[in-house]
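Undergrad: At position 50 of the sequence shown the residue is numbered 50 (the UniProt record's numbering), and the sequence of numbers has no breaks.
Every residue gets a Cβ at the ideal spot worked out from N, C-alpha and C, and that includes glycine.
If you're wondering where the values come from, they're calculated on a predicted model, not measured in any experiment.
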Amino acid sequence: VLCVKYTVCIDVSTTSGVVRGQTLHVLNSSINQFLGIPYAEPPVGALRFAKPEPIKTPKPDVIDGTKAKYSCVQQTSPIGANEDNQSEDCLFLNVWTPNTGRSETPGALKPIMFWIHGGGFIVGSSFEFPRGNGSALAVHDVVVVTINYRLGYFGFAYGGEQSTAPGNVGLWDQQLALKWVRENAEQFGGDRDQITIFGGSAGSMSVSAHVLSPLTKGLFRRAVMQSGAIFHYKGREGVSKTDQLTDTQALAKRFNCTGDEWVRCLRAVPAKDFLKYPKVVQMPLEGDSVLPLLAQKAFTSHQYNTDLDILSGIVQNEGTSLAQMVAPGIQNMTITVQKFTELVNASKALFYGLNETTITEFYVKHVNHSDPQAMRQAYYDYYGDVLIKCPTYLFAKKYQELSAGKSSAYFYELTYQSKGIGWLCPAGQVCHGAEGEFVFGTPLIAPEGYTQKDIDFSVRVMRLWTDFAKYGNPDSVWPQLIDKSIVKVMDLNPSTDKHLFINPFNDIC
């Protein structure tokens, strides 16, 4: 018995099998929810590290879509999955829809919003509830889909050119999920030709990868990038196949997996044992068929998906929480100029090709060197600028410049944070990921700790995002990023006054 008494159940036939979901009453609307639909064969055994395989035959039994399933294997963290809810068999997606089934009425099919979660490509889940619950967003007359994809070594291990571990399989997972959504869209009342992919942090970087990838051409129409893009600048380089192979082989040696069969040996290691060797962050490699070129080269050679509408943005203090995650204890550290240089040098494992002396001079030149808080903030600013702010901005700017008026591009900077997200974020700052709760309507569906101001702002943000998914622009008064040769960035906050930042990133990017 999948549905309890008094719950309205609803069955939908998909390429994975018949899925039984349930009808929720959300914000005075009825939303049909389907959790944990498998979109690929379980990536276990010989399929560990391999490209995902589509489900060969529909499941004979009804799929229980009333309960969350397993998240992908990862370290436990405040933004990830707990230890009990993890499995390698994790390639599931969730659907929230205001209607289901085919319709003869023109225009009855709803735009689809396809969410890719963040977490540095090492943690995160589509089952992060209440945040990540798409029911409130679906009230705005869209179909919302959220997905799991493989993380860490499971998603990005690389075994060499002819290997069955081709690298970037986490991106392949996302792409297969997107194809599944297109194939099954109408069963959930969704329009397969009106798909917006959106994501935060590593999910935003993933969105940028699909904008660049030749393999996702035609699979989506619009893209939303919330704090992140695969765009390296100022001499930085991406992760090469050689880098990723060296990293994967170093892991293999820890498990005594050597010789010609080292990848096969790694496939036999218990999944949980990989977590003994955690990574701070994982990045996709450049040079395979799903991501042949990173942004600069792709844009220069015009090898990317054109004619997409883009909405991107950042938050005011991107680096504050991120720097603390990768450098625990930094909030209590005394940072001198020399220490600042050492920290920049240590971060070069992630930021290839940076000159630590030049970076230090730029970020501390107007700072009181004897003020530890000011020096710490300077490092946070550096970290956020290089990892998030500049890549996100430069990607959107370059995309619009090359579109020659064929694509729309809008950009925001979030300057407001609720009390609901205080983790690693000092009072008065707006930290990485802060827009996520407003986008998903968390203040409305889990209001504890939120103010009426938060609730009203969340309603507005959901309207902006869903209007972009429907029409290609968030509202009539939001100017495009480059407007008459001037860079205009929307100041996103609860104020009803529409304030713009003009050319705000010229100095840092």
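Among Tyr416, Gln33, His302 and Tyr149, which one has its Cα closest to the Cα of Asp89?
TA: Within the sequence shown, numbered from 1, the residue matching residue 89 stands at position 89. Of Tyr416, Gln33, His302 and Tyr149, the residue nearest in Cα terms is Tyr149.
Undergrad: Quick check: Phe156 and Gln75, are their CB atoms within less than 8 Å of each other?
TA: Residue numbering aside, residue 156 sits at position 156 when the sequence shown is read from its first letter. Residue numbering aside, residue 75 sits at position 75 when the sequence shown is read from its first letter. At least 8 Å separates the beta-carbon of Phe156 from that of Gln75.
Undergrad: Give a yes or no on whether 8 Å exceeds the smallest Cβ distance from Trp465 to chain C.
TA: Going by chain labels, chain C is absent from the structure shown, which holds only one protein chain.
Undergrad: Which residues bound the alpha helix (DSSP H) around Gly203?
TA: Within the sequence shown, residue 203 is the residue found at index 203, counting from 1. Annotation: the continuous alpha helix (DSSP H) that includes Gly203 extends over Ala202 to Leu212.
Undergrad: By the three-class DSSP mapping on this structure, what secondary structure does Glu261 have?
TA: Residue 261 sits at position 261 when you count from the first residue of the sequence shown. Glu261: coil per DSSP, three-state reduction.
Undergrad: Please report the straight-line C-alpha distance between Asn355 and Gly228, rounded to a whole angstrom.
TA: Here residue 355 corresponds to residue number 355 of the sequence shown, with the count starting at 1. Here residue 228 corresponds to residue number 228 of the sequence shown, with the count starting at 1. Rounded to whole angstroms, the separation of the alpha carbons of Gly228 and Asn355 is 22 Å.
Undergrad: Could you compute how far the alpha carbon of Thr334 sits from the alpha carbon of Arg376?
TA: Locating residue 334 in the sequence shown gives position 334, where the first residue counts as 1. Locating residue 376 in the sequence shown gives position 376, where the first residue counts as 1. Between Thr334 and Arg376, the C-alpha separation is close to 8 Å.
Undergrad: Return the CA-CA distance between Val44 and Ser71, expressed in angstroms with no decimal places.
TA: Along the sequence shown, read from residue 1 onward, the residue named residue 44 stands at position 44. Along the sequence shown, read from residue 1 onward, the residue named residue 71 stands at position 71. Roughly 14 Å separates the two Cα atoms.
Undergrad: By the 10 Å Cβ neighbour count, where 16 or more other Cβ atoms means buried, how is Val8 classified, buried or exposed?
TA: To locate residue 8, count along the sequence shown from 1; it is residue 8. Exposed, by the Cβ-count rule.
Undergrad: Name the residue from Asp456, Lys419 and Ala108 whose alpha carbon lies nearest to the alpha carbon of Glu448.
TA: The count along the sequence shown starts at 1 and reaches residue 448 at position 448. The residue with the shortest Cα to Cα distance from Glu448 is Lys419.
Undergrad: Mind listing, in chain order, the continuous alpha helix (DSSP H) runs of no fewer than 4 residues lying wholly within the stretch 95-164?
TA: 135-138 and 152-156
Undergrad: Keeping to the same chain, check which residues put their C-beta closer than 8 Å to that of Lys348; ignore five residues upstream and five downstream.
TA: The residue you call residue 348 lines up with position 348 of the sequence shown. The residues are Leu354 and Glu356.
Undergrad: I need the straight-line Cα distance from Ala223 to Asp475, nearest angstrom please.
TA: Numbered from 1 along the sequence shown, position 223 holds the residue referred to as residue 223. Numbered from 1 along the sequence shown, position 475 holds the residue referred to as residue 475. Straight-line Cα distance between these residues: approximately 16 Å.
Undergrad: Closest by CA to Thr15, which one among Val290, Ile37, Glu437 and Ser30?
TA: Reading the sequence shown from its first residue, position 15 is the one you call residue 15. When each option's Cα is compared against that of Thr15, the closest is Ile37.
Undergrad: Note down, in chain order, each residue of its chain lying with its Cβ closer than 6 Å to the Cβ of Glu435, except the 5 sequence neighbours on either side.
TA: Reading the sequence shown from its first residue, position 435 is the one you call residue 435. Around Glu435: Gln226 and Leu414.
Undergrad: Since Gly167 contacts Leu285 with CB under 8 Å, what's their CB separation in whole angstroms?
TA: Residue numbering aside, residue 167 sits at position 167 when the sequence shown is read from its first letter. Residue numbering aside, residue 285 sits at position 285 when the sequence shown is read from its first letter. Right, their Cβ atoms sit about 5 Å apart.
Undergrad: How many whole angstroms separate the CB atoms of Ala40 and Pro54, which I take to be in contact at a CB cut-off of 8 Å?
TA: Locating residue 40 in the sequence shown gives position 40, where the first residue counts as 1. Locating residue 54 in the sequence shown gives position 54, where the first residue counts as 1. Yes, Ala40 and Pro54 are in contact; Cβ-Cβ is about 6 Å, under 8 Å.
Undergrad: Please confirm whether Leu481 and Phe438 have their CB atoms less than 8 Å apart.
TA: Counting from 1 along the sequence shown, the entry for residue 481 is found at position 481. Counting from 1 along the sequence shown, the entry for residue 438 is found at position 438. No.
Undergrad: Buried or exposed: where does Arg463 fall if 16 or more other Cβ atoms within 10 Å of its Cβ makes it buried?
TA: Here the question's residue 463 lines up with position 463 in the sequence shown. Flag for Arg463 reads exposed.
Undergrad: Please classify Ala466 as buried or exposed, where buried requires at least 16 other C-beta atoms within 10 Å of its C-beta.
TA: Residue mapping note: residue 466 aligns to position 466 of the sequence shown, counting from 1. The residue you asked about is not Ala; residue 466 is Thr in the sequence shown. Burial call: buried.
Undergrad: Taking Cβ to Cβ, would you say Phe505 is nearer than 8 Å to Asp491?
TA: Your numbering for residue 505 matches position 505 in the sequence shown. Your numbering for residue 491 matches position 491 in the sequence shown. Result no, Cβ atoms of Phe505 and Asp491 do not sit closer than 8 Å.
Undergrad: When DSSP builds the beta bridges, which residues end up paired with Asp309?
TA: Residue mapping note: residue 309 aligns to position 309 of the sequence shown, counting from 1. In DSSP, Asp309 forms a bridge with Arg222.
Undergrad: From which residue to which residue does the beta strand (DSSP E) around Lys59 run?
TA: Indexing the sequence shown from 1 puts residue 59 at position 59. Element bounds for Lys59: Lys59 to Asp64.
Undergrad: Tell me which residues share the same chain as Phe188 and place their Cβ nearer than 7 Å to its Cβ, disregarding the 5 neighbours each side in the sequence.
TA: As a first step, residue 188 is located in the sequence shown; it is residue number 188 there, counting from the start. Cβ neighbours of Phe188 beyond the five flanking positions: Val12, Val95, Thr97, Thr100 and Val143.
Undergrad: What residue does the beta strand (DSSP E) around Ala409 start on, and which one ends it?
TA: In the sequence shown, the residue the question calls residue 409 occupies position 409. Where Ala409 is concerned, the enclosing beta strand (DSSP E) stretches over Ala409 to Leu414.
Undergrad: So for Thr442, helix, strand or coil by DSSP?
TA: Reading the sequence shown from its first residue, position 442 is the one you call residue 442. Helix.
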